[in-house]
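Protein chains in written order, with my numbering: chain A, 11 to 363; chain B, 446 to 626; chain C, 1211 to 1466.
Yeah, the Cβ is synthetic: ideal placement off N, Cα and C, and Gly gets one too.
For clarity, every value in this text was computed on a predicted model and none was experimentally measured.
Single-structure report; data block below.
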């Protein structure tokens, strides 16, 4: 059995990255993700890796672009304001089809905001965030264990699709400490024939995103679109006590785990309620939401913001279910009791079928 | 089996370490655990608290509003958290710093621990947190104090390992106080 | 015909192997072509072409990969030094160089170049300073000379509004971590030879593992200067060199 350790969520990210063969980390301090650069700065030299504390978030993401362009597995991490600064680089990574893993242990905004957990970066993560018509894969862990597991997966998906992968956590998932099983990484990273290693014995290779010739960029965008379509099969989600549910709560990340306690409380009182938790935010598990909408007839979205993922849920539900929403802007973490009360309100309101 | 506690005090009183050690001991005892720190932006002197949840099942929420137990190391913490403890819950008060009148609880199970005096008997006032943790282990019946001691090597940074014997002593004193009733 | 056939043909000239032979798209009188040629000659002379990873920047210099027969990654505007840092750290045995203009390196990329230099990153920077944003249509750059008319300084650059032109080479030479810093021009044969020597030395800083190498090359932009090529070339010698003195500002590993 793999080693089980009590570690912080941020450290689980670092351990997952190291296990997956990440040997390059570039970052810049910002709360609440500082444990990640601190961990990487201590551990990477031990395995012959490179840690650079860059002059800015902008520089960090571009250092990642450079290292990853040579085929190396590389990561950067930050929190909301820093992720805003990385958007330029993320757009270029997508345009040049260079893989990379970007961790957002998000805090709260807008602006400097605060260091509370928040899910206010959902739109930024799932809509691209930077300029141009592109998508990044977005993984949303809910436990320290998933921080570890999904970080390993992130590197695999990044290489598979030659695309940046974003891990969207928050202050709660970065700071929580819980047991993590350090499962060994068993995959074999793919060959990267496209990587820049000098043109010895082959033609020159170029990684770029500028296309000016007639029709070239149109074609390029369609190629990328096809790739994003092919990513749809990566949709992942978890169903919790949904079997006989009359109300399905849709939530991701930290708030989804708090909701599990709320659902347990309500189940103890005989209420038939369950949770559908998207694990991939892009691709969004639209099919699962649609099927749940059809089967259950009633959805409620809970987010630590004033309403972002609810748009994707409504779109996916295709009017097959009534969709209620409870949002909590940053400032405090809702407790299981509070959320149970909000769910109860929706149950009592009745409606739908 | 399910238990949750908020442990609160000034930054520097070692409340985070108490939570860490408790979580580590419970994990070694085969439980599911979460430890969730909450602190201000100050590095020193601000108020700090953490929540530890221990369960047989995977832990959903790592935070609780009305805990089964509160360990309050200073007056602001007592005022904030003691009233929130559930009716049949448990409050452990650092009576070296907190006077009775500041502890308003719904539960009758309020235990006073003179952590500072007891820590000084062991030889270092900074061990107040370990005295309190020993008391918590004993009175809650969560883990045996010897299990807590066994988890110290993993919970403490290597540079503090030479302090393990004296920490163990403080833990045992705290537990002994509670077993006397 | 038979007379010609009897002449023994000997090849006395060939373009550098590191260039692909693409016909230049640059404006008449632009000096990017000359600078490309000098850089390519050094890639050949150092024997590193097949082990090179170039970093293209944004602006007229972006088309690096169309001209040079080496692997190239394209950096966002100003970020070439950060990208090159990632490349070089991941591939320390490869020859890595950036090729950046002044709109890129001296404005939006100031932070990246300063910190790469200060970390002593072991790559080579070719910085083409033509005192103007070229590709975007001749706007004012941080290097635009006082009084110079551009599309965003229509009354001439004023010190009150825009500050004085920035001297990147001198600034970088103050950094403890920077290894080799020089400024050259390609406006006449004498300066060309000096430029060649500076590039050679900057390349050595990398191939010998000595540290960060930086060569600022003063260049003409006749189109945006609204001059003919001859006038533009003369302006380099008169006005540019007067404000941006040529020379080696730092050679930290002198003798090595």
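Asked	Found
Can a CB atom of chain A be found closer than 7 Å to the CB of residue 479(B)?	yes
Is any non-hydrogen atom of the ligand GDP found closer than 6 Å to the C-beta of residue 109(A), if you look at the structure I gave you?	No copy of the ligand GDP appears in this structure; indeed no ligand is present at all.
For residue 1368(C) and chain A, any beta-carbon pair shorter than 7 Å?	no
In angstroms, rounded to a whole number, what distance separates the CA positions of residue 537(B) and residue 314(A)?	33 Å
Counting only the same chain and skipping the five closest in sequence on each side, list residues whose C-beta sits under 6 Å from that of residue 1255(C).	none
State the Cα-Cα distance for the pair residue 289(A) and residue 157(A), rounded to the nearest angstrom.	11 Å
From residue 210(A) to residue 1431(C), what does the alpha carbon distance come to, in whole angstroms?	35 Å
Here's the rule I'm using: 16 or more other beta-carbon atoms within 10 Å means buried, otherwise exposed. How should residue 1466(C) be labelled?	exposed
Can you tell me whether DSSP reads residue 223(A) as helix, strand or coil?	coil
Does residue 451(B) come within less than 7 Å of chain A when only Cβ atoms are used?	no
Residue 90(A) CB to nearest chain B CB: under 7 Å?	no
Given residue 509(B), which residues of its chain have a CB within under 8 Å of its CB, disregarding the five upstream and five downstream residues?	449, 451, 496, 498
Buried or exposed, going by whether 16 or more other CB atoms sit within 10 Å of the CB of residue 100(A)?	buried
Ignore the nearest five residues each way along the sequence and tell me which others in residue 1323(C)'s own chain have a CB closer than 6 Å to its CB.	1291, 1315
Shorter than 7 Å from the beta carbon of residue 37(A) to some beta carbon of chain C?	no
Using only alpha-carbon positions, find the residue among 1378(C), 1251(C), 1226(C), 1460(C) that is nearest to residue 1420(C).	1460(C)
Taking 7 Å as the CB-CB cut-off, is residue 286(A) touching chain B?	no
Name the chain C residues that come within less than 7 Å of residue 152(A), Cβ to Cβ?	The contacting residues do not exist; residue 152(A) stays about 31 Å from chain C at best.
Quick one: grab the DSSP three-state call for residue 1393(C).	strand
Distance cutoff 7 Å, beta carbons only. Does residue 1296(C) sit that close to anything in chain A?	yes
According to DSSP, simplified to helix, strand and coil, what is residue 617(B)?	helix
Determine which residues share a DSSP beta bridge with residue 1364(C) and list them.	Residue 1364(C) is not bridged to any residue.
Going by alpha carbons, who is nearest to residue 316(A) out of 329(A), 334(A), 303(A)?	334(A)
In angstroms with no decimal places, state the Cα-to-Cα distance between residue 1293(C) and residue 345(A).	44 Å
Measuring only between beta-carbons, confirm whether residue 203(A) sits less than 7 Å from chain B.	no
If you check the beta carbons only, do residue 37(A) and residue 70(A) fall under 7 Å apart?	yes
Compute the Euclidean distance between the alpha carbons of residue 1401(C) and residue 215(A), then round it to the nearest angstrom.	33 Å
Suppose the cutoff is 8 Å on Cβ atoms and the five residues either side in sequence are ignored; what does the same chain contact list for residue 75(A) look like?	99, 102, 103, 106, 108, 110
Does the count of Cβ pairs from the segment 265–273 of chain A and the segment 115–124 of chain A closer than 8 Å reach three?	no
Return the chain-ordered ranges of every alpha helix (DSSP H) run that is complete within the segment 451–518 of chain B and spans a minimum of 4 residues.	460–473
Spatial neighbours of residue 1382(C) within its chain, please: C-beta separation below 6 Å, excluding the five flanking residues on both sides.	1327, 1388, 1391, 1424
Taking just the CA atoms, how far does residue 297(A) sit from residue 607(B)?	57 Å
Relative to the C-alpha of residue 575(B), which residue among 587(B), 540(B), 561(B), 529(B) is closest?	561(B)
Count the other CB atoms, across all protein chains shown, that sit within 10 Å of the CB of residue 247(A); report buried if there are 16 or more and exposed otherwise.	buried
Using DSSP's beta-bridge definition, name the partner residues of residue 285(A).	250(A), 259(A)
Please go through the segment 1228–1275 of chain C and give each complete alpha helix (DSSP H) segment of 4 or more residues, from N-terminal end onward.	1242–1255
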